[in-house]
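First up is the structure itself, then whatever we jot down about it.
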Amino acid sequence: MNETLRIIIVGGTGYLGQQLGLKLTQAGHQVSITTRNPEQWIYRTAFPCQVIHWDPSSEDFPLPKKNTPHVVINLAGAGIGDQRWTTAYKNTLRDSRLVTTRKIARAIKNHNLSLCHDGQVTGGKPVHLVQASAIGYYGSRGDDALTETTSQGQGFLAQLCADWEQEALQAKTESNRVVLVRIGVVLGHGSGFLKTMTPLYMRGAGALIDGGRPWFPWIHVDDVVSVFAEAVTNSQWNGIVNATAPEPAQMGDFHKLMTECYGGQLAPPVPPWLIKTLLGQQSEIALGSHKVMSEVLRHKDFKFRYRTLPEAFKALYETDVDRGSYHVVSQQWFPHHKRELWKFFATESNLETLTPPWLSFKVLSKSTPEIESGTILKYQLKLHGIPIQWETHISQWQPAHKFIDVQAKGPYAMWHHTHSFQDHAGGTLMTDHVRLRLPLGKLGFLVASPMVVKDVERIFSFRKQKIAEIFGTTPHIQLVSEPNVRS
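Numbering-wise, the sequence shown is residues 5 to 491 according to this note's numbering.
The structure is reproduced here in structure tokens:
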């Protein structure tokens, strides 16, 4: 399918939604995202898009009657591991999936039925649905191989996924496709799983659970994005697809690779009974064994970039700088040529503009008339009221493409910041990738990591807003002109 598609991503503000939006807009498709807070997202998106206001808790899904999308992608749902599974949070997990999906499916079905007369499509194009689900559908099944034809398993997650999929299938008519993508554990810098696990290993608390025997149904973020893109653009895709890597791994394999990246195992193995005691029903996540494979992707001859877990780790932790570091990645799209952005960043005084006032940041000097490879910049700032002298070395300077600044003196054991500028969808994708380490190794990260990570995220949030104010962005807000009916 080579036509330009109109696509709405529900859950497009999340990690996977942003990466998928990047791929689809690079291919020339028109993408919209929905959010309860559109004003916050006009400067935070990683790709050009339309931002649509929608509150699923009180409004029907705003499926546009004009320029109706060809495909809706539904990725919405509260994080499974974000909070302890109290009764209230389990209701949140269900409602954030079932209510949202029900309203999307209802809107799609009503639209598609309006196109049909006597079973025939009489005008317009049907809307297709690509729906996220999860490998939790299968429940924990030990060493059993699980494919798309395997029956539903036991437990809260299995029932949640089954109910979720049933809501999505209500969108099905004779004229449209519904693709159910059962996602495995997504590996990528910024993904929920690595964002949770990395601090544990950096603190020396990455423990082997149940002897490392449980199966680990992983997939690299680039591959899961490609699975969704194919499901959107390929009219032959329909029904259930497992989005997991073709070479299964066990938790012991993941643990071994993580300890190699972060300096060896210090925490003792954790017995299953202790996990159950600490987490209660939520222990389904930590103790579940899911040997999931995709027969559908194999039959479709889907081309994985990363077939084995070591291949994925090699890409994620390619250099000595990557290994042992905490990763922060921030991406933002601008409707300007990268030369314009580069000119701004090539002036060191502009760094003061992009730094939050609470840091009291000031550039003191630079070692060369113009910034270039080898330039040393000296700053002063305050971290939580403590005066800091910071010296940065520009290790790479590739005009209009990339530069890297590395801390020579300062508060971190290591600060390595790559700024890249890439042509994307008629504008520029700007990516900041920071690798940082704290003094005192694991002890330093144990004591200070929550504060440091929060500070870095606040800094980049400020930068995004400030840069957007300076350069402007084109995603516009489409507020629903008439109140939606409560349902």
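Ideal placement from N, C-alpha and C gives every residue a C-beta, glycine not left out.
Inset, instruction - Report all residues from its chain with a CB closer than 7 angstroms to the CB of T8; omit the five preceding and five following residues, and keep chain order. - result: Counting from 1 along the sequence shown, the entry for residue 8 is found at position 4. Once the five neighbours on either side are set aside, the close Cβ partners of T8 are G32, H33 and Q34.
Legend entry - Coarse secondary structure for V325, derived from DSSP in three states: To locate residue 325, count along the sequence shown from 1; it is residue 321. Three-state DSSP puts V325 in coil, outside helix and strand.
Legend entry - Range covered by the alpha helix (DSSP H) that runs through D99: Along the sequence shown, read from residue 1 onward, the residue named residue 99 stands at position 95. Counting along the chain, the alpha helix (DSSP H) containing D99 begins and ends at T91 to S118.
Inset, instruction - Go to G243, then tell me how far its beta strand (DSSP E) extends in each direction, as first and last residue. - result: Start at 1 with the first residue of the sequence shown, and residue 243 comes out as number 239. G243: member of the beta strand (DSSP E) spanning G243 to A247, first to last residue.
Legend entry - Spatial neighbours of E461 in its chain, beta-carbon cut-off 8 angstroms, leaving aside the 5 residues before and after: On the sequence shown, position 457 is the one that residue 461 refers to. So the list reads V332, once near-sequence residues are dropped.
Inset, instruction - Could you say if the segment 462 to 472 and the segment 379 to 394 meet the contact criterion of at least three C-beta pairs nearer than 8 angstroms? - result: With the cut-off at 8 angstroms, the segment 462 to 472 and the segment 379 to 394 do not touch.
Inset, instruction - Spatial neighbours of A350 within its chain, please: CB distance less than 7 angstroms, with the 5 preceding and 5 following residues excluded, ordered by chain position. - result: Residue mapping note: residue 350 aligns to position 346 of the sequence shown, counting from 1. Taken in chain order, the residues that qualify are I375.
Legend entry - Buried or exposed (CB count within 10 angstroms, at least 16 for buried), H303: Taking the first residue of the sequence shown as 1, we reach residue 303 at position 299. Taking a 10 Å sphere around the C-beta of H303, we find fewer than 16 other C-beta atoms and assign the residue as exposed.
Legend entry - In DSSP terms, what G431 is bridged to: Within the sequence shown, residue 431 is the residue found at index 427, counting from 1. Listed as beta-bridge partners of G431 by DSSP are H428.
Inset, instruction - Can you tell me which of the three DSSP states I279 falls into? - result: Within the sequence shown, residue 279 is the residue found at index 275, counting from 1. I279: helix per DSSP, three-state reduction.
Legend entry - Nonlocal neighbours in the same chain, by C-beta distance under 6 angstroms from L24, ignoring five residues either side: Here the question's residue 24 lines up with position 20 in the sequence shown. These residues qualify, in order along the chain: V229 and F232.
Legend entry - In chain order, each alpha helix (DSSP H) run of at least 4 residues that lies wholly inside the segment 178 to 251: If only uninterrupted alpha helix (DSSP H) runs of at least 4 residues are considered, those enclosed by the segment 178 to 251 are 196 to 206 and 225 to 237.
Legend entry - Cα-Cα separation between T372 and I289, rounded to whole angstroms: Looking up residue 372 in the sequence shown gives position 368. Looking up residue 289 in the sequence shown gives position 285. Each residue's CA atom was taken as its position, placing T372 and I289 some 53 angstroms apart.
Inset, instruction - Would you check if there are 3 or more beta carbon pairs closer than 8 angstroms linking the segment 33 to 52 to the segment 10 to 17? - result: Flag = yes, the segment 33 to 52 and the segment 10 to 17 touch.
Legend entry - Sufficient close CB pairs (3 or more, under 8 angstroms) joining the segment 209 to 225 to the segment 190 to 198: Short answer: they touch.
Legend entry - 7 angstroms Cβ cutoff met for Y330 and L440: If you number the sequence shown from 1, residue 330 lands on position 326. If you number the sequence shown from 1, residue 440 lands on position 436. The answer is yes: Cβ separation under 7 angstroms.
Inset, instruction - Within the same chain, show all residues whose beta-carbon is closer than 6 angstroms to that of I77, passing over the 5 residues directly before and after it, in chain order. - result: Here residue 77 refers to the residue found at position 73 of the sequence shown. Closer than 6 angstroms at Cβ, skipping near neighbours: I13 and V134.
Inset, instruction - For V367, I'd like the list of residues in its chain whose CB is within less than 7 angstroms of its CB, leaving aside the five on either flank, ordered along the chain. - result: The residue labelled residue 367 in the question sits at position 363 within the sequence shown. Cβ within range, chain order: E352, S353, L355, E356, L381 and Y383.
Inset, instruction - Indicate the three-state DSSP secondary structure (helix, strand or coil) for A253 in the structure shown. - result: By 1-based counting over the sequence shown, the position of residue 253 is 249. DSSP places A253 in strand when its eight states are reduced to three.
Inset, instruction - Pull up the distance between the alpha-carbon of L173 and that of E264, whole angstroms please. - result: Within the sequence shown, numbered from 1, the residue matching residue 173 stands at position 169. Within the sequence shown, numbered from 1, the residue matching residue 264 stands at position 260. Roughly 44 angstroms between the two C-alpha positions.
Inset, instruction - Quick one: which unbroken beta strand (DSSP E) runs of 3-plus residues sit fully inside the segment 334 to 384? Chain order, please. - result: Whole beta strand (DSSP E) segments, 3+ residues: 366 to 370.
Legend entry - Cβ pair count under 8 angstroms reaching 3, the segment 298 to 312 against the segment 236 to 251: Below 8 angstroms, enough C-beta pairs join the segment 298 to 312 and the segment 236 to 251 to call them touching: three or more.
Inset, instruction - Compute the Euclidean distance between the alpha carbons of Y141 and V274, then round it to the nearest angstrom. - result: Here residue 141 refers to the residue found at position 137 when the sequence shown is read from its first residue. Here residue 274 refers to the residue found at position 270 when the sequence shown is read from its first residue. Cα to Cα, Y141 sits roughly 26 angstroms from V274.
Inset, instruction - Can you tell me which of the three DSSP states K260 falls into? - result: Walking along the sequence shown from the start, residue 260 turns up at place 256. Residue state for K260 is assigned as helix, using DSSP reduced to three classes.
Inset, instruction - Output yes or no for whether 7 angstroms exceeds the beta carbon distance between S424 and V410. - result: The residue labelled residue 424 in the question sits at position 420 within the sequence shown. The residue labelled residue 410 in the question sits at position 406 within the sequence shown. No, the pair does not count as a contact, with Cβ atoms beyond the cut-off.
Legend entry - Residue nearest to H388 in terms of C-alpha spacing, selected from A404, L363 and I408: For the purposes of this step, residue 388 is taken as residue 384 along the sequence shown, with counting starting at 1. H388 has its Cα closest to that of L363, out of A404, L363 and I408.
Legend entry - Reference A50, options A452, R181, M434 and D459, closest by Cα: Position 46 of the sequence shown, counted from the first residue, corresponds to residue 50. Of the listed residues, the one whose Cα sits closest to A50 is M434.
Inset, instruction - With DSSP collapsed to three states, give me the class of S465. - result: For the purposes of this step, residue 465 is taken as residue 461 along the sequence shown, with counting starting at 1. Residue state, collapsed to three classes: helix.
Legend entry - Bounding residues of the alpha helix (DSSP H) (the contiguous stretch that carries H303): In the sequence shown, the residue the question calls residue 303 occupies position 299. Where H303 is concerned, the enclosing alpha helix (DSSP H) stretches over E299 to H303.
Inset, instruction - Output the distance between the C-alpha atoms of C53 and C120, rounded to the nearest integer angstrom. - result: Numbered from its first residue, the sequence shown carries residue 53 at position 49. Numbered from its first residue, the sequence shown carries residue 120 at position 116. Near 30 angstroms, if we compare the C-alpha coordinates of C120 and C53.
Inset, instruction - Alpha carbon to alpha carbon, how far is F338 from L278? Give it in angstroms, no decimals. - result: Within the sequence shown, the letter at position 274 stands for residue 278. Within the sequence shown, the letter at position 334 stands for residue 338. For L278 and F338, the gap between their C-alpha atoms comes out near 49 angstroms.
Inset, instruction - Identify, in the order they occur along the chain, each residue of the same chain with its Cβ nearer than 6 angstroms to the Cβ of I169, setting aside the five sequence neighbours on each side. - result: Position 165 of the sequence shown, counted from the first residue, corresponds to residue 169. According to the sequence as given, residue 169 is Glu; it is not Ile. The answer, listed in chain order, is S137 and L184.
Legend entry - Stretch pair the segment 94 to 114 + the segment 54 to 69: three plus CB contacts closer than 8 angstroms: Contact between the segment 94 to 114 and the segment 54 to 69 is present, because at least three Cβ pairs lie under 8 angstroms.
Inset, instruction - Could you check what DSSP says for T29 in three-state terms: helix, strand or coil? - result: Along the sequence shown, read from residue 1 onward, the residue named residue 29 stands at position 25. For T29, the three-state secondary structure derived from DSSP is helix.
Legend entry - A149, DSSP secondary structure in three states: Within the sequence shown, the letter at position 145 stands for residue 149. It is a strand residue.
Inset, instruction - Counting only the same chain and skipping the five closest in sequence on each side, list residues whose C-beta sits under 6 angstroms from that of V300. - result: By 1-based counting over the sequence shown, the position of residue 300 is 296. Same-chain partners within the cutoff: E152 and V245.
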